[in-house]
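Enquirer: Take the sequence shown: its letters are residues 47 to 647, numbered as in the working numbering. Heads up, the beta-carbon is just placed ideally off N, CA and C, and yes, glycines get one too. This is the structure, below, for whatever I ask next.
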Amino acid sequence: MATDENDAGQKLQRLQENLARVEVLSQRLTAALARRKPYDGALNGPSGDVYVKAAAAYFAEMMNNPAKILEHQISYWGKSLKHYVEAQQALAKGDFRAPPDPTPKDRRFSNPLWETHPAFNYIKQQYLLNAEAVADAVSELETLDPADRQRVEYFTRQIVDMFSPTNFLGTNPDALEKAIATDGESLVTGLENLVRDIEANDGEMLVTLADPKAFRVGENLATTPGSVVYRNRMLELIQYAPTTEKVHATPILIFPPWINKFYIMDLKPANSLVKWIVDQGFTLFVVSWVNPDASYADVALDDYIRDGYLRAMAEVRRITGEKQINAVGYCIAGTTLGLTLAHLERAGDASVKSATFFTTLTDFSDPGEVGVFLNNDFVDGIERQSCRDGILSKMFMSRTFSFLRSNDLIYQPAIKSYMLGEAPPAFDLLYWNGDGTNLPAKMAIEYLRGLCQEDGFAKGTFPVFGEPVSLSQVKVPLCAIACETDHIAHWRGSFNGIKQMGSKDKTFILSESGHIAGIINPPTKDKYGHYTNDGPVEGEPEAWKAGAVFHKGSWWPRWGEWLKKRSGKMVAARVPGDSTNPVLCAAPGSYVVAVPASGGV
Numbered sequence: 047m048a049t050d051e052n053d054a055g056q057k058l059q060r061l062q063e064n065l066a067r068v069e070v071l072s073q074r075l076t077a078a079l080a081r082r083k084p085y086d087g088a089l090n091g092p093s094g095d096v097y098v099k100a101a102a103a104y105f106a107e108m109m110n111n112p113a114k115i116l117e118h119q120i121s122y123w124g125k126s127l128k129h130y131v132e133a134q135q136a137l138a139k140g141d142f143r144a145p146p147d148p149t150p151k152d153r154r155f156s157n158p159l160w161e162t163h164p165a166f167n168y169i170k171q172q173y174l175l176n177a178e179a180v181a182d183a184v185s186e187l188e189t190l191d192p193a194d195r196q197r198v199e200y201f202t203r204q205i206v207d208m209f210s211p212t213n214f215l216g217t218n219p220d221a222l223e224k225a226i227a228t229d230g231e232s233l234v235t236g237l238e239n240l241v242r243d244i245e246a247n248d249g250e251m252l253v254t255l256a257d258p259k260a261f262r263v264g265e266n267l268a269t270t271p272g273s274v275v276y277r278n279r280m281l282e283l284i285q286y287a288p289t290t291e292k293v294h295a296t297p298i299l300i301f302p303p304w305i306n307k308f309y310i311m312d313l314k315p316a317n318s319l320v321k322w323i324v325d326q327g328f329t330l331f332v333v334s335w336v337n338p339d340a341s342y343a344d345v346a347l348d349d350y351i352r353d354g355y356l357r358a359m360a361e362v363r364r365i366t367g368e369k370q371i372n373a374v375g376y377c378i379a380g381t382t383l384g385l386t387l388a389h390l391e392r393a394g395d396a397s398v399k400s401a402t403f404f405t406t407l408t409d410f411s412d413p414g415e416v417g418v419f420l421n422n423d424f425v426d427g428i429e430r431q432s433c434r435d436g437i438l439s440k441m442f443m444s445r446t447f448s449f450l451r452s453n454d455l456i457y458q459p460a461i462k463s464y465m466l467g468e469a470p471p472a473f474d475l476l477y478w479n480g481d482g483t484n485l486p487a488k489m490a491i492e493y494l495r496g497l498c499q500e501d502g503f504a505k506g507t508f509p510v511f512g513e514p515v516s517l518s519q520v521k522v523p524l525c526a527i528a529c530e531t532d533h534i535a536h537w538r539g540s541f542n543g544i545k546q547m548g549s550k551d552k553t554f555i556l557s558e559s560g561h562i563a564g565i566i567n568p569p570t571k572d573k574y575g576h577y578t579n580d581g582p583v584e585g586e587p588e589a590w591k592a593g594a595v596f597h598k599g600s601w602w603p604r605w606g607e608w609l610k611k612r613s614g615k616m617v618a619a620r621v622p623g624d625s626t627n628p629v630l631c632a633a634p635g636s637y638v639v640a641v642p643a644s645g646g647v
């Protein structure tokens, strides 16, 4: 008896302590939310035009084909009513069990109570039936044009996902079970996590995806030995130390996207593309871009090409004494590499021997999933906000890309952190994902307007240094790697851009997986395979894939062999630093860890 009283007393004390913590956290939360800076409302979601078009299309269907609408509704009503009756019958028999559950497996509903508990199972089945009905209704709207259909389907899916019962405490069995087991401690810890994130992001709720204390760039990330051998306002140029006695004469220069930081290619030795390239006997240089603040507001794509691409190419040639280099561009840096190559072709400059494009779009006639954010309702808002701030803030970009995979990058992490009170995992890829960069305002708008919306490179209208360039002017030997499930630069769009380039020597490789995992796919893991086709890079992407051969394992060795054929004879290994380009600091350099001056949101 005394033991029970002691346990009850301890529980009461813990509850009182937790209530006191909640009061303090509530005050902090209010203060943190007050720090939120106002920003353009257009960045919060699509204009009402999207929903007006969807409603108009639905009413048109009702008028023109009422039988189809009735069939759809009756089917939905029938499934919902049947489920309700089955649930009632199970309860009437006194059985505390769920009725038959024909709904598809969904990892959001992995707790066994979703299958066995009548109340939770009823909620789950009704949610999935509703989700199916909404998706079917949207997919059957025949009067929407393809672009509007894509947007309606995307934003409808976002709304449906947002209302998943797992996203609410009262209908999440995992959260309820843990709250009971911990006497509310998990909810208080979750509130602490929520307040911490809002404080860290000046009033914005951005979920911390990885333990920020688990990693330090240059200590347990980006550790491949090398040196910064050149620096200007736009970049630091890193030359990596050789690991072989001989190297191929032609150096490699990688341009990573400045929308993220370069060390995605050098997270740790086991999956470092940087280390692998060096170990294959290549002299490797990598650009580390500056993370711009408002002082970079007027920096344009021409500045990236002049002071970034052309300057880095010139420094690599001067340091190595070679007349040509092999260039690599990843994502937006691949797009800009294409622009640079077209400019060099026009200027009669043969500085680049070959080019490799990682997950690169140059034809934006079909931008894929990300296209739902490229209409004027969003881009107009981005332009207004960027002009005020001088930058396109990393916060807006991070949020946008996260919503392309909202269940994985927003809702599930939020549930674990805020409802379950879990600490974020020590996961290097997610740490990198949260270590974003800003974009200069002028450059961002040029890219969104001129390349994405107007498709200027494919149409031959986008200017570099005042003169338009086109895909047909990209004539160097090239290798392009696209990724099968890439949600940022979809592989069909990548293929369509490459096939329009003027090169007579094209190799296209389609890797399994997505924008990051498909590229950072070391041979030692033997995880994702890839497709190749010995035929020309022409025709429809699906036809190319249908005629392709699947190969198990990473594409890295195949690309390595392709590079070796275009990299000249073997020469003595080059050590970073000389009298004209002394070592400025050790890799990964200073730009990658610098925090830009505050600006914008």
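Pull up the distance between the alpha-carbon of residue 190 and that of residue 145, whole angstroms please.
Expert: Distance between the alpha carbons of residue 190 and residue 145 is about 39 angstroms.
Enquirer: Please tell me whether residue 407 and residue 397 are closer than 8 angstroms, where the distance is taken between their beta carbons.
Expert: It is not a contact, given that the beta carbons lie outside the stated cut-off.
Enquirer: Out of curiosity, what's the CA-to-CA distance linking residue 272 and residue 491?
Expert: About 34 angstroms.
Enquirer: Shorter than 8 angstroms from the beta carbon of residue 109 to some beta carbon of chain B?
Expert: Checking the listed chains, one finds no chain B in this structure; it contains a single protein chain.
Enquirer: From the DSSP output, in three-state form, read off residue 385 for me.
Expert: Helix at residue 385.
Enquirer: Within the same chain, show all residues whose beta-carbon is closer than 7 angstroms to that of residue 474, passing over the 5 residues directly before and after it, in chain order.
Expert: Taken in chain order, the residues that qualify are 261, 267, 313, 314.
Enquirer: Could you give the residue range of the alpha helix (DSSP H) that holds residue 330?
Expert: Premise fails: residue 330 lies in the beta strand (DSSP E), 330-335, not in any alpha helix (DSSP H).
Enquirer: Name the residue from 244, 452, 257, 201 whose alpha carbon lies nearest to the alpha carbon of residue 78.
Expert: Of 244, 452, 257, 201, the residue nearest in Cα terms is 244.
Enquirer: Pull up the distance between the alpha-carbon of residue 509 and that of residue 403, whole angstroms please.
Expert: Roughly 21 angstroms separates the two Cα atoms.
Enquirer: For residue 71 and residue 207, what's the separation of their Cα atoms in angstroms?
Expert: Whole-angstrom Cα-Cα distance: 29 angstroms.
Enquirer: In angstroms with no decimal places, state the Cα-to-Cα distance between residue 645 and residue 548.
Expert: Any reading at residue 645 must be qualified, since the residue scores a pLDDT of 45, below 50, and its modelled position is unreliable; the value itself is stated next. Looking at the two C-alpha atoms, the distance is approximately 42 angstroms.
Enquirer: Could you check which residue in 277, 112, 172 has the C-alpha nearest to that of residue 632?
Expert: For residue 632, the nearest C-alpha among the options comes from 277.
Enquirer: Quick one: using the 10 Å Cβ neighbour count with 16 as the cut-off for buried, is residue 460 buried or exposed?
Expert: It is buried - the Cβ of residue 460 has at least 16 other Cβ atoms within 10 Å.
Enquirer: Determine whether the beta carbon atoms of residue 380 and residue 520 lie at a separation below 8 angstroms.
Expert: Not a contact, by the Cβ cut-off of 8 angstroms.
Enquirer: For a quick check, are the C-beta atoms of residue 413 and residue 539 less than 8 angstroms apart?
Expert: In this structure, residue 539 lies closer than 8 angstroms to residue 413 by Cβ.
Enquirer: In or out: residue 368 buried (at least 16 other Cβ within 10 Å) or exposed?
Expert: Flag for residue 368 reads buried.
Enquirer: Please report the Cβ distance between residue 316 and residue 472, rounded to the nearest whole angstrom; I am assuming they are in contact, meaning their Cβ atoms lie under 8 angstroms.
Expert: Contact doesn't hold; Cβ gap of about 15 angstroms is too wide.
Enquirer: Can you list, in chain order, the residues of its chain with a C-beta nearer than 6 angstroms to that of residue 361? Leave out the 5 residues immediately preceding and following it.
Expert: Once the five neighbours on either side are set aside, the close Cβ partners of residue 361 are 276, 283.
Enquirer: Check residue 190 in the structure and name its three-state DSSP category.
Expert: Here residue 190 sits in coil by DSSP.
Enquirer: For a quick check, are the C-beta atoms of residue 443 and residue 310 less than 8 angstroms apart?
Expert: It is not a contact, given that the beta carbons lie outside the stated cut-off.
Enquirer: Measuring CB atoms only, is the segment 522-540 touching the segment 454-468, in the sense that at least three cross pairs come out at less than 8 angstroms?
Expert: Touching, no, given that fewer than three Cβ pairs across the two stretches are closer than 8 angstroms.
Enquirer: Pick helix, strand or coil for residue 66, following the three-state DSSP scheme.
Expert: Correct three-state label for residue 66: helix.
Enquirer: In this structure, how does DSSP classify residue 103 when only helix, strand and coil are distinguished?
Expert: Reduced to three states, the DSSP call for residue 103 is helix.
Enquirer: Excluding five sequence neighbours on each side, which residues of the same chain lie with their C-beta closer than 6 angstroms to the C-beta of residue 541?
Expert: So the list reads 587, once near-sequence residues are dropped.
Enquirer: Just to confirm before moving on: does the CB-CB distance between residue 239 and residue 600 stay below 8 angstroms?
Expert: No, the Cβ-Cβ distance between residue 239 and residue 600 is not below 8 angstroms.
Enquirer: Please state whether DSSP places residue 645 in a helix, a strand or coil.
Expert: In this prediction, residue 645 has a pLDDT of 45, which is less than 50 and means its spatial position is unreliable; what the coordinates show is noted afterwards. Reduced to three states, the DSSP call for residue 645 is coil.
Enquirer: For residue 336, which option in 554, 351, 484 has the closest C-alpha, if you only look at C-alpha atoms?
Expert: If we check each option's Cα against that of residue 336, 484 comes out closest.
Enquirer: Would you decide whether residue 535 is buried or exposed? Buried here means 16 or more other CB atoms lie within 10 Å of its CB.
Expert: That one is buried.
Enquirer: At which residues does the alpha helix (DSSP H) containing residue 557 begin and terminate?
Expert: Note, residue 557: premise wrong, no alpha helix (DSSP H); beta strand (DSSP E) at 552-557.
Enquirer: Determine the burial state of residue 590: buried for a count of at least 16 other Cβ atoms within 10 Å of its Cβ, exposed for fewer.
Expert: Buried: at least 16 other Cβ atoms inside 10 Å.
Enquirer: If we count the other Cβ atoms within 10 Å of its Cβ and call it buried at 16 or more, is residue 111 buried or exposed?
Expert: With fewer than 16 Cβ atoms within 10 Å of its Cβ, residue 111 is classed as exposed.
Enquirer: Which full runs of the alpha helix (DSSP H) of 4+ residues lie inside the segment 176-254, going along the chain?
Expert: For the segment 176-254, whole alpha helix (DSSP H) runs of length 4 or above, ordered along the chain, are 192-208, 219-227, 231-246.
Enquirer: Looking at the unbroken beta strand (DSSP E) that takes in residue 519, where does it start and where does it end?
Expert: Neither: residue 519 is in no beta strand (DSSP E) and is coded neither H nor E.
Enquirer: Pull up the distance between the alpha-carbon of residue 64 and that of residue 230, whole angstroms please.
Expert: So the two alpha carbons sit approximately 7 angstroms from each other.
Enquirer: DSSP state of residue 503, grouped into three classes?
Expert: Of the three classes helix, strand and coil, the one that applies to residue 503 here is helix, per DSSP.
Enquirer: Just the Cα atoms here: how many angstroms apart are residue 138 and residue 183?
Expert: If I take the Cα positions, the gap works out to 34 angstroms.
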